[in-house]
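Asker: In the numbering used here, the protein residues as written are 1433 to 2139.
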Ligand code: C2E
Ligand code: MG
Ligand code: MG
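1) Closest by CA to residue 1595, which one among 1543, 1653, 1800?
2) CA-CA distance, residue 1720 and residue 1869?
3) From the DSSP secondary-structure annotation, give me the bridge partner or partners of residue 1627.
4) Leaving aside the five residues before and after residue 1792 along the sequence, list all residues of the same chain whose C-beta is less than 6 Å from its C-beta, in chain order.
5) Which class does residue 1887 belong to by DSSP, given the choice of helix, strand or coil?
6) At a cut-off of 7 Å, is residue 2076 close to ligand 1 when judged by its beta-carbon and the heavy atoms of the ligand?
7) Determine the burial state of residue 1876: buried for a count of at least 16 other Cβ atoms within 10 Å of its Cβ, exposed for fewer.
8) Look up residue 1622 in the DSSP assignment and give the residues it is bridged to.
9) Within a Cβ cutoff of 7 Å, which residues of the same chain sit near residue 1628, ignoring the five residues on either side of it in sequence?
10) What's the C-alpha gap between residue 1643 and residue 1625?
11) Hey, is residue 1795 close to ligand 1, as in C-beta under 7 Å from one of its heavy atoms?
12) Measuring CB atoms only, is the region 1682-1699 touching the region 1762-1771, in the sense that at least three cross pairs come out at less than 8 Å?
13) CA-CA distance, residue 1979 and residue 2011?
14) On the premise that residue 1901 lies in contact with residue 2099, defined as a C-beta separation below 8 Å, what is that separation, rounded to the nearest angstrom?
15) Ignore the nearest five residues each way along the sequence and tell me which others in residue 1863's own chain have a CB closer than 6 Å to its CB.
16) Out of curiosity, what's the CA-to-CA distance linking residue 1891 and residue 1956?
17) Is there contact here, the region 1500-1511 with the region 1470-1485, by at least three beta-carbon pairs under 8 Å?
18) Evaluate residue 1884 with the Cβ neighbour count: other Cβ atoms within 10 Å of its Cβ, from every protein chain shown; 16 or more gives buried, anything less gives exposed.
19) Cβ of residue 1828 within 8 Å of Cβ of residue 1772?
20) For residue 1797, does the three-state DSSP call read helix, strand or coil?
21) What three-state label does DSSP hand residue 1903 in the structure shown?
22) Based on DSSP bridge pairs, tell me the residues matched to residue 1490.
23) I'd like the span of the alpha helix (DSSP H) that includes residue 1595, first residue to last.
24) For residue 1492 versus residue 1659, is the C-beta spacing smaller than 8 Å?
25) What do you reckon, are the CB atoms on residue 1899 and residue 1958 nearer than 8 Å?
26) What first and last residue would you give for the alpha helix (DSSP H) that runs through residue 2058?
27) Hey, quick one: how far does the beta strand (DSSP E) through residue 1806 stretch, first residue to last?
28) Smallest Cα separation from residue 1874: which of 1758, 1906, 1846, 1844?
29) For residue 1889, does the count of other Cβ atoms within 10 angstroms reach 16, so buried, or fall short, so exposed?
30) For residue 1772, which of helix, strand or coil comes out of DSSP?
31) Which residues end up in the neighbourhood of ligand 3 when you take C-beta atoms closer than 7 Å to any of its heavy atoms?
32) Between 1859, 1509, 1916, which lies nearest to residue 1842 when the distance is taken from Cα to Cα?
33) What are the start and end residues of each continuous alpha helix (DSSP H) run of 4 or more residues lying completely inside the region 1681-1755, in chain order?
34) Please give me, in chain order, every unbroken run of the beta strand (DSSP E) with length at least 3 that falls completely inside the region 1943-2021.
35) So for residue 2041, helix, strand or coil by DSSP?
36) Tell me whether residue 1855 sits in a helix, a strand or coil according to DSSP, three-state version.
Next comes the structure, spelled out in structure tokens:
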């Protein structure tokens, strides 16, 4: 048995719950904050910082050591100068030679650095300058050694070492030496310190050394290697951590943005991504369209197969849509069986073509069943502003635009066939109207705003009043006079139609009772009962009780069923019709010939009246072939013992033709339009009651007879 679709839009409306949205946004931002790139940058920065720190520290230590050594050498040279001066004064050289020792080379020079006395080898370059210690407690004139390429004076006038070269040399020395732990093994870096002698005319230039112990260098090298290993380990640990976090984050992101059923993207992702795409400045000159693709009758499919099968179908649909999209286009499942899609397009005709092709492909997904899809399209073309720049779409509400696409697809919901609808503002008006009606319907019943109009049915041979049809009108204080075409489809969708049908039956029964009591010659009045109402198993009892409650004779009420209702559960229909007949009501088939042929239904259903649809008497059906069909339909009804009513008859010729064919009644503008109660009362007064007309007296007589 087919399952009725839910009333209202089939597509799920965008979440109105803003709290939920705020929560989702927060979670996303939280995830984004934990993004991987900042972590990598952080890790690299830490490592670089550590390396710089180590270098600066090492530099500072070297600087300090150098200062220390220069200071020591300076002190020693100062002492030598003092003794040299003293010895010269006393005439003894012994003490000085003793102090200088065999390793201390020195030169006594005049003002122009011309050597006067040379002890040892003169390798002084006399190039250099004045340098100071860290605390500037001393200043000293330093000359480089001829052999030396290891020291230089930097911008701040301190003596510095070319560390790289120095280490190379030490390394070489180390390699050639047998035992680095040997305390005596050291590398010497020569330089000369010059100090003026007491006469002010000469200076003593003494060869000094930085003595670097190889054992110390060895320890430093080991320490540096250890530090490098620690740094490397730190790098590896951080790297592994980052990779792990990256993977976990990706997993979480996927979970957050994945639809459980289709394993594709979810609505949250769609809103985010489409918002980002539309908001980008470079996309301002592109046309975009947001689509709602609705899988028609998904619930029926699930009932007929299984929910698992249904979900598998949804998955295939999602995959298929994704396959047809370009890289930068988006697709996500929105609700039960709805998909949100964002496409880019150049011109609308091509877009329509593309959407049409998409529908074709989707229809053929299942080899056995042909699926149906309703696609609503909301176009978002680029706009050029007065200053000739492209309008920005930043801050656009994707939810609202999708909702518009939903409104467009909902306009197709009366059909099960696939279709494409473009959104236009009129659809919004329609939606506003639907909402307004739905909001006011209950109050309108309570305030008796719905009124019954009667459209008389006449005998085409005698022009006598033979019956009438009750048709609803809404005399709304807000909207004025509203015809059924504007409200009945809404009530049918939102389920209020059952209440309306009750309302009409009760009011017609009340009127009939009142007219009978007032002595009018009453004729049967037919009331439309919606197809949705026929699902209720006790419908016949409900109608019986309502009519009885008003005290109207049952044979003055006829129940009209539209032809389309005959496609529903036939067994239930036969039961209800049979019961209605048993209770004394006549039952008619309305709009016969309007939809699919229901000739077969005529065979099974015990109906009293066949109402030929107005379409028979309009446009295309006119002419000889139309007449043949009408006359055969009348013959068929007669042979099945059914009375016939021709609806929508507007011209005399049609009345004459129908009279000739033996049509029992005419309901059409030719005789009368639907009219308010008091006008209809006039018609009753005018019309001579025919065979089917009954007066209160006759009604009483028939009741007595029945008893
Ligand atoms: P229907 O039951 O087939 O009613 C006949 C419709 O044809 C009425 O339209 C009537 O005004 C119109 N009509 C009759 N003769 C002519 C004619 O010669 N020319 C033209 N152009 N139209 C003619 P109305 O009153 O607008 O009702 C439209 C439909 O709304 C009805 O079709 C019925 O399906 C539904 N409806 C009306 N009242 C009710 C109600 O109380 N309950 C339910 N469930 N449906 C109702
Ligand atoms: Mg009707
Ligand atoms: Mg009709």
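Glycine included, each C-beta is placed from N, C-alpha and C at the ideal position.
Answerer: In terms of the structure at hand:
1) On the chain shown, position 163 is the one that residue 1595 refers to. Residue 1595 has its Cα closest to that of 1653, out of 1543, 1653, 1800.
2) As a working note, residue 1720 is residue 288 in the chain shown. As a working note, residue 1869 is residue 437 in the chain shown. Computed Cα separation, rounded: 34 Å.
3) Locating residue 1627 in the chain shown gives position 195, where the first residue counts as 1. DSSP, once it has assigned bridges, lists 1636 as partnering residue 1627.
4) Reading the chain shown from its first residue, position 360 is the one you call residue 1792. Excluding the 5 residues flanking it on each side, residue 1792 has no same chain C-beta neighbour closer than 6 Å.
5) As a position in the chain shown, residue 1887 is number 455, starting the count at 1. Residue state, collapsed to three classes: strand.
6) Position 644 of the chain shown, counted from the first residue, corresponds to residue 2076. No; taking the cut-off as 7 Å, the Cβ of residue 2076 has no heavy atom of ligand 1 nearer than that.
7) Indexing the chain shown from 1 puts residue 1876 at position 444. Flag for residue 1876 reads buried.
8) Counting from one through the chain shown, the residue named residue 1622 turns up at place 190. Answer is 1641.
9) In the chain shown, counting from the first residue as 1, residue 1628 sits at position 196. Result list for residue 1628: 1635, in chain order.
10) Here residue 1643 refers to the residue found at position 211 of the chain shown. Here residue 1625 refers to the residue found at position 193 of the chain shown. One C-alpha to the other measures close to 15 Å.
11) Here residue 1795 corresponds to residue number 363 of the chain shown, with the count starting at 1. It does not: the Cβ of residue 1795 is nowhere closer than 7 Å to a heavy atom of ligand 1.
12) yes
13) Counting from 1 along the chain shown, the entry for residue 1979 is found at position 547. Counting from 1 along the chain shown, the entry for residue 2011 is found at position 579. Taking the straight line joining both Cα atoms gives about 14 Å.
14) Within the chain shown, the letter at position 667 stands for residue 2099. Within the chain shown, the letter at position 469 stands for residue 1901. Contact flag correct, Cβ pair sits at about 6 Å.
15) Taking the chain shown and counting its residues from 1, one reaches residue 1863 at position 431. 1839, listed in sequence order.
16) Within the chain shown, the letter at position 459 stands for residue 1891. Within the chain shown, the letter at position 524 stands for residue 1956. So the alpha carbons of these two residues sit roughly 13 Å apart.
17) no
18) Within the chain shown, numbered from 1, the residue matching residue 1884 stands at position 452. By the neighbour-count rule (16 or more Cβ atoms within 10 Å), residue 1884 is buried.
19) By one-based count along the chain shown, residue 1828 stands at place 396. By one-based count along the chain shown, residue 1772 stands at place 340. Not closer than 8 Å, so no.
20) Here the question's residue 1797 lines up with position 365 in the chain shown. In the structure shown, residue 1797 sits in coil (DSSP, three-state: anything other than H, G, I, E or B).
21) Within the chain shown, numbered from 1, the residue matching residue 1903 stands at position 471. Note: residue 1903 maps to strand in three-state DSSP.
22) Translated into the one-based positions of the chain shown, residue 1490 becomes position 58. DSSP output for residue 1490 lists no bridge partner at all.
23) Counted from its first residue, the chain shown places residue 1595 at position 163. Start and end: 1595-1608.
24) Residue 1492 sits at position 60 when you count from the first residue of the chain shown. Residue 1659 sits at position 227 when you count from the first residue of the chain shown. Contact flag unset, no.
25) Taking the first residue of the chain shown as 1, we reach residue 1899 at position 467. Taking the first residue of the chain shown as 1, we reach residue 1958 at position 526. It is a contact, given that the beta carbons lie within the stated cut-off.
26) Counted from its first residue, the chain shown places residue 2058 at position 626. Where residue 2058 is concerned, the enclosing alpha helix (DSSP H) stretches over 2056-2071.
27) Here the question's residue 1806 lines up with position 374 in the chain shown. Run containing residue 1806: 1805-1812, per the beta strand (DSSP E) assignment.
28) If you number the chain shown from 1, residue 1874 lands on position 442. Ranked by how close their Cα comes to the Cα of residue 1874, the residues 1758, 1906, 1846, 1844 have 1906 in first place.
29) Residue 1889 sits at position 457 when you count from the first residue of the chain shown. Around the C-beta of residue 1889, 16 or more other C-beta atoms lie within 10 Å, and the residue is accordingly described as buried.
30) The count along the chain shown starts at 1 and reaches residue 1772 at position 340. Three-state result, residue 1772: strand.
31) 2022, 2023, 2043, 2045, 2046, 2079
32) Position 410 of the chain shown, counted from the first residue, corresponds to residue 1842. Ranking the options by Cα distance to residue 1842, first place goes to 1859.
33) 1699-1711, 1730-1736
34) Here the runs fully enclosed are 1957-1961, 1989-1994.
35) For the purposes of this step, residue 2041 is identified with residue 609 of the chain shown, where counting begins at 1. Residue 2041: strand per DSSP, three-state reduction.
36) For the purposes of this step, residue 1855 is taken as the residue at position 423 of the chain shown. Coil at residue 1855, not helix or strand.
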